[in-house]
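Novice: Residue numbers (this note's numbering): 510 to 667.
Here a beta-carbon is modelled for each residue, glycine too, at the ideal position from N, C-alpha and C.
Source: prediction; values computed, not measured.
Can you read through this structure? Questions will come right after.
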Amino acid sequence: MLRIMPATEVDTPLLVEFIHALAEYERAGPGDVQVTEAALRESMFGERPAAEAIIAYYGDDPAGFAVFFHNFSTWTGKRGMYLEDLFVKPEFRGHGIGRALLEAVAKIAVERDCPRYQWMVLDWNQPAIEFYQRLGARPLDEWTGYRVTGEALRKLAR
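Below, the structure is given as structure tokens:
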């Protein structure tokens, strides 16, 4: 009843829907999500794909998705796997879909000889934190993430 399939270009509108649903769940503000179908199509299915996605179907219904891409570790000298987004629609939670998506990306990471599989979670998302810890994931408490965007990014680039 549960199937996980690689996303293809025809799935772009569905991926955009999932991204907006995830943003709503994560309490994003109006206008925080700027992705368009055209931009996502080019970034994921164009000449130089920047990321990949898989989609979970429960029966015939799209129930969740995961977006992932390779990062690189100088310490291992190998590429790793970074999970950018994982989302299961509320009505499909409790059926093992989130775990199946995590496992599917883990399998891809192992097949590609990635020694690391990483992601971030919002500090208020206690259900997700507990779920990840039950799977054996451990927080990287000694690291603090940073981001530069917009005018600050342009100023830094000058």
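#1: Checking the sheet assignment: what are the DSSP bridge partners for Pro539?
#2: Could you tell me the boundaries of the beta strand (DSSP E) in which His579 lies?
#3: Would you call the region 539–549 and the region 640–648 touching, i.e. three or more CB-CB distances under 8 Å?
#4: Quick check on DSSP: helix, strand or coil for Gly727?
#5: Thinking C-beta only, is Ile606 closer than 7 Å to Ala565?
#6: From the DSSP output, in three-state form, read off Ala559 for me.
#7: Where does Val614 fall in DSSP's three states?
Specialist: The structure says:
#1: None, per the DSSP bridge assignment.
#2: If you look at His579, you'll find it in the beta strand (DSSP E) that goes Asp570 to Ser582.
#3: The region 539–549 makes no contact with the region 640–648, as fewer than three CB pairs between them are under 8 Å.
#4: Because the chain here runs from 510 to 667, residue 727 falls outside it and cannot be looked at.
#5: It is a contact, given that the beta carbons lie within the stated cut-off.
#6: Coil at Ala559, not helix or strand.
#7: Residue state, collapsed to three classes: helix.
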